[in-house]
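Novice: Chains L and R, in that order, give the protein sequences.
Start counting the first sequence at 1; every next residue gets the next number (our numbering).
Start counting the second sequence at 245; every next residue gets the next number (our numbering).
For every residue, glycine included, the Cβ atom is placed at its ideal position computed from N, Cα and C.
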Amino acid sequence: MYDNEHKCSNIGQNEKKMIHTRNLTKQYRSGGIEHTILQNVNIDIEAGEFVSLLGPSGSGKSSLINMFGLIDVPSSGNLILMGHDVTHLKERQRVNLRRGSIGFIFQDFGLIEELNAFENLELPLQYLKYSKKIRFNKVNAILERLNIAHLRSFYPKQLTSAQKQLIGIGRALVIEPDIILADEPTGCLNSTGGSSIMQTLNSINESGSTIVMATHSANEAEKAQRTIQLFDGHIITENIKQRL
Amino acid sequence: MMLKHHIKVALRNIKKQGIYSLLNVTGLSIGVTLSLLVLLLVKQELNYDTTFSNSSSIYRYTTKGILSANLINNATSPMPLGEFVKDFKEVNSVVRFIPGANNVVAYDDIKFNEDKFRFVDPNFFEIFDLEMVSGESDSALLEANTLVLSESTANKYFGNADPMGKKLVRSNIEYTITGVCKDMPSATHFKFSFLASIATIDKILLQKGDSTYVKNWKTDWLYLNCYTYVKLNPKVNPKIFEQVVNEDKNRLLLPQIEKTLNSEMSVDSVNLDFFLQPIEDIHLHSQLSGELEVNSKSIYINLFVFIAIFILLTTCVNFINLTTAKARRRFKEVGLRQMIGASRRNLAFQFLTEAVVYSFGATFFGLVLLELLLPFFNFFFDLQLEFSLITGWIDFFWILLLVLSVGIIAGGFPAFFFAGLKPKQILQGEYKMKDTGLVVRGILVCSQVAVSVFLLIVVSGMWWQIQFIGNHDPGFNSDNIMVIERGSAVSKNFDSFKAELLRHEGIESVSACSSLPGDDYFQGTFKLKNGSNEKVMVLPLINVDEDYFTMLDLTLKTGRFLSHQAGDSLGVILNTRAIEEFKIKKPLGQKIEVFGSKDWALNISGVVKDFHYEPYNTKIKPLALILLSGKMRFEYVLVKLNPDYNIETINAINDSWSNHTESSPFVWEMLDKRIEKLYDEDIRIAKIISVFAILALFMTIMGIIALAAFLIEYKSRNIGIIKILGASRQTIILQVFSDFSIYIIVGVILAMIPSYIVLTAWIENYAYSSFINIMLFPLAALIVAGLAFASVFYQTYRMASDGPIEQWQFT
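#1: Would you call the CB atoms of residue 556(R) and residue 947(R) closer than 8 Å?
#2: Got a sec? Which residues, its chain only, sit under 6 Å from residue 280(R) by beta carbon, not counting five neighbours each side?
#3: Step through the CB atoms of chain L and report whether any lies within less than 8 Å of the CB of residue 584(R).
#4: Below 7 Å between beta carbons is the criterion; list the residues of the stretch 124 to 137 of chain L that meet it against any residue of chain R, in chain order.
#5: Could you list which residues in chain L have their beta carbon closer than 8 Å to that of residue 1093(R), in chain order?
#6: Mind listing the chain R neighbours of residue 104(L)? Cutoff is C-beta to C-beta under 8 Å, in chain order.
#7: Along the stretch 64 to 87 of chain L, where does the CB come closer than 9 Å to a CB of chain R? Name the residues.
#8: Determine whether the Cβ of residue 58(L) lies closer than 8 Å to any Cβ atom of chain R.
#9: Taking only beta-carbon atoms, is residue 256(R) less than 8 Å away from chain L?
#10: Measuring alpha carbon to alpha carbon, tell me which of 803(R), 807(R), 821(R), 863(R) ends up nearest residue 834(R).
#11: Rounding to the nearest angstrom, what Cα-Cα distance links residue 752(R) and residue 892(R) in this structure?
#12: Could you give the uninterrupted runs of the beta strand (DSSP E) lying entirely in the stretch 14 to 91 of chain L, keeping only those of 3 residues or more?
#13: Less than 8 Å between the CB atoms is what I'm expecting for residue 184(L) and residue 221(L), so what's the real figure, rounded?
#14: Excluding the five sequence neighbours on either side, which residues of its own chain have a C-beta within less than 8 Å of the C-beta of residue 143(L), listed in chain order?
#15: What residue from 955(R), 1011(R), 1019(R) has the CA that sits closest to residue 1036(R)'s CA?
#16: Counting only beta-carbon atoms, is residue 110(L) nearer than 8 Å to chain R?
#17: From residue 880(R) to residue 404(R), what distance separates their C-alpha atoms?
#18: Is the number of C-beta pairs between the stretch 1026 to 1034 of chain R and the stretch 726 to 740 of chain R that are closer than 8 Å three or more?
#19: Using a Cβ distance threshold of 8 Å, determine whether the stretch 780 to 791 of chain R contacts the stretch 799 to 817 of chain R, with at least three qualifying pairs required.
#20: Listing by chain order, which chain L residues have their CB less than 8 Å from the CB of residue 260(R)?
#21: In chain order, what residues of the same chain have a beta carbon less than 8 Å from the beta carbon of residue 859(R), not counting five sequence neighbours either side?
#22: Using C-beta distances below 7 Å, list every residue in its chain close to residue 531(R), excluding the 5 sequence neighbours before and after it, in chain order.
#23: Taking 8 Å as the cut-off, decide whether the C-beta atoms of residue 816(R) and residue 846(R) are in contact.
#24: Taking the alpha-carbon of residue 416(R) as reference, which of 686(R), 262(R), 603(R), 349(R) has the nearest alpha-carbon?
#25: Between which residues of its own chain and residue 301(R) is the CB-CB distance below 7 Å, once the five residues before and five after are set aside?
#26: List the residues of chain R that residue 171(L) touches, going by C-beta distances under 9 Å, in chain order.
#27: Using 8 Å as the Cβ pair cut-off and three pairs as the minimum, do the stretch 543 to 556 of chain R and the stretch 621 to 631 of chain R touch?
#28: Quick check for students: name the residue ranges of the alpha helix (DSSP H) that lie wholly in the stretch 157 to 213 of chain L, counting only runs of 4 or more.
#29: Is it buried or exposed, residue 499(R), if we count other Cβ atoms within 10 angstroms and call 16 or more buried?
#30: What's the C-alpha gap between residue 1057(R) and residue 781(R)?
#31: May I ask you to report which of helix, strand or coil DSSP gives residue 911(R)?
#32: In three-state DSSP terms, what is residue 224(L)?
#33: If you follow the alpha helix (DSSP H) that residue 396(R) is in, where does it begin and where does it stop?
#34: Going by Cα to Cα distance, which pick from 466(R), 721(R), 747(R), 551(R) is closest to residue 316(R)?
#35: Could you confirm whether any beta carbon from chain R is found closer than 8 Å to the beta carbon of residue 99(L)?
#36: Measuring alpha carbon to alpha carbon, tell me which residue in 472(R), 697(R), 601(R) is nearest residue 337(R).
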């Protein structure tokens, strides 16, 4: 799916890194004025890590998530994902890499209202052209794993917010992604729902998945292994929590 | 794999979006139904005369040329032509037929006046291969006095009884029924009720005691008395064959011309050629003298096709507008799909599938609507359109193509619109319509305005012309004149019939004539010798009773009307046009010889002002009116009724008719209604075009309103801002108007030239036409622009009246 010629040949030690950025900068022009969203950001995220990006609105955390998710491109600097230099990929190459390797979890769940829970989970597998049988097995496995098999035929409007987010997480997991990107995953949930979802994310991380989560809540950020704090497009602190 | 998913999502979306889906499907359904109706009409028009085997190899011979100064351009040809061409190896079959005059056909007491009685060659079915219900097609018409009936005629006379071997009587001649065939299909340029063997004509003529005439009738090359059809070998080039025949026929034709001309005039002044006209072209491309039925015109087909395409495109544009106007509702879904792996192709395919699903639904409802509407449509417009999906797989194929085309056209723009969205912009709410999108919508407004103005001008112009015909002075007075068909039934005792009618106080005058407007005219060739100059001319002839002139209120230019009292049995009245053609300065007392017969010369007694003895689509030609006398035949009795006539008057005429005829049916109609019928085809077509054009116009206006709504909604943020800054309602309306006016003005200007061209082409079909009323153009422009501006005004006014926060929040 991904064009090997874009694989960076001299990244050496970065090959084990899931995400590696060097001097990543994002700027845009509006009304003749240049605005800087991110400036010279250097981040390394290892495979299996759970990293939270903490910061207030406008700090640049969502822009980072968008670039990690290949839906936005940096203005300068380098971005290497899973050993591939994706800084200058074309749109189609980004789509191909994204659809099989990156799972998204959204603040507002991102479910398609016309599809039931099963079909929402099935959709990314359809884009990956899996056979019906494989799709069936994979979706059912995820539904079982998240204990939401009973919700399989429910439509989003029939679910609670926490259930919707579980379906959203399931959809991110179903493609067995290399990276899971979660943008304010508990932003639309109450505290009970929020902590339940955080537990789920921790459990997913424990099974080996790499998770990058953007949040403005310090409490939630603490639940990750590492917190990178952003402000005005700069990394200001980086805390590593040693797991027991 | 994804197709099933896309269809499922499309169906759920349609269900979810309720009224919006209903609007979209209804709009598409109406568009599809209207287009299919028009296309069925076009299909029937284009398929005229295509049902016979090898119909593309069947031709009708037409005659074109000059006889002295007269242009001949006839659908008929001389009898000997058929005999002449049948020996050519290029010809597979030749069939001639002669239409019989209106006459009563009787089976015992069952009598009907019949106008579709044809005398045909025995091999008629070799070319027009209709299925025989009974009898043998190759032998049924070999003998004289044999008759083949169409199936519907057989049912009319005999019901369920077997007609074979039974005898019918027409004009005192008995015919034995030797066959029954299927009716001619409705889409053919001629129909028949009876086919009599051509050999019968000899008997009829011999009965009249003129054996020389029998011979001349069959051999005279200058007498265009029959319709000749040939089936050529499919490999033959008709143009080359036509040339061969025309060169070769002079061998036979020229000696006859020389003989007929009696060596008194140049042979060069006669030049008749015979042309092969594909029968498939007759209905749309033939407007010759002596056509068997009123033919249509190809310009109608072009207009119909234009309207059908326009309706479909308008439908699609309206669909695009509705879909993209509601696009914001789908942005999130599009963004999400892109994030979880959908490519542009996936998205384009999804939205195309959705449009095709809409199109399928719309076509299904459109077909149901078509089935329901077709009988009414046929009834109101006197059509015989047929539609069957089950029997016509070709129709099915075309409909499938229509579904896909509508789906792709209607869904194409939304598909690429959605596929082109960027996920980041959507998810962060940054999407804004590009200026190019606004320009595209502006162009759509402009084109919808242009087509609306075009349709309005063309339809108004057509009706203007039809009204002109309705109000045009024909040069005679047709008020309160009753026409009794088959007047020859009282020819023997016409004087007594006339006298009896005139005794009734409800009747002002009684007359008779051989033909009326819309009929074929008997033509005579006349020669005027004026000193050393000589002029030969073919003149239509009408035999008239002496009261004909005053009854029709014809205007005498000079001389006097004909009368028996003045001894005018050899008198003639010419119209002004004839006098101009003969170039006679002092016509009264001049003699015109019946061509080829020095013994029969007519004395010009008077000249009448030109009157429309033919429909308005032909220029008034020279005309000779001669007095009915002796054995002269007439077809119609004319009765001028008192304006206060009542049913008793009609009953009295009926009684008198019965007393003076041998139970001949009393068939009558009023002359003014009869003349109106001549324009029925034009009126019918104009009505059909108008109905579709008005519906198309309605759809276009709806489209303009929708587009205006969309553009105004888009501008709502700016409107909110300028309102906050203190702009008055007036200023806002003026600003929006100034943005819109360019599209509307350009649309109006674009419509002018095409509508002028089409209208001119339409009016050229009439020899007498109204000038194109120039006021139609600004009027149509004002109406459409007025509607468009009214829509813009209403929506802007509403928006300008809201608080600024509403517009601000909208964005």
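Specialist: So, from the listed chains and residues:
#1: no
#2: 614
#3: yes
#4: 124, 126, 127, 128, 129
#5: In the structure as shown, chain R begins at 245 and stops at 1055. Residue 1093(R) is therefore absent and cannot be evaluated.
#6: 583, 584
#7: 66, 69, 71, 72
#8: no
#9: yes
#10: 803(R)
#11: 15 Å
#12: 17 to 30, 33 to 41, 44 to 46, 50 to 54, 76 to 81
#13: Rounded, the Cβ-Cβ distance is 11 Å, inconsistent with contact.
#14: 117, 118, 121, 149, 151, 152, 170
#15: 955(R)
#16: yes
#17: 34 Å
#18: no
#19: yes
#20: 113, 114
#21: 761, 762, 922, 923
#22: 539
#23: yes
#24: 349(R)
#25: 475, 476, 478
#26: 584
#27: no
#28: 161 to 173, 191 to 206
#29: exposed
#30: The structure shown does not extend to residue 1057(R), since chain R spans only 245 to 1055, so no value can be given for it.
#31: coil
#32: coil
#33: 395 to 402
#34: 466(R)
#35: yes
#36: 472(R)
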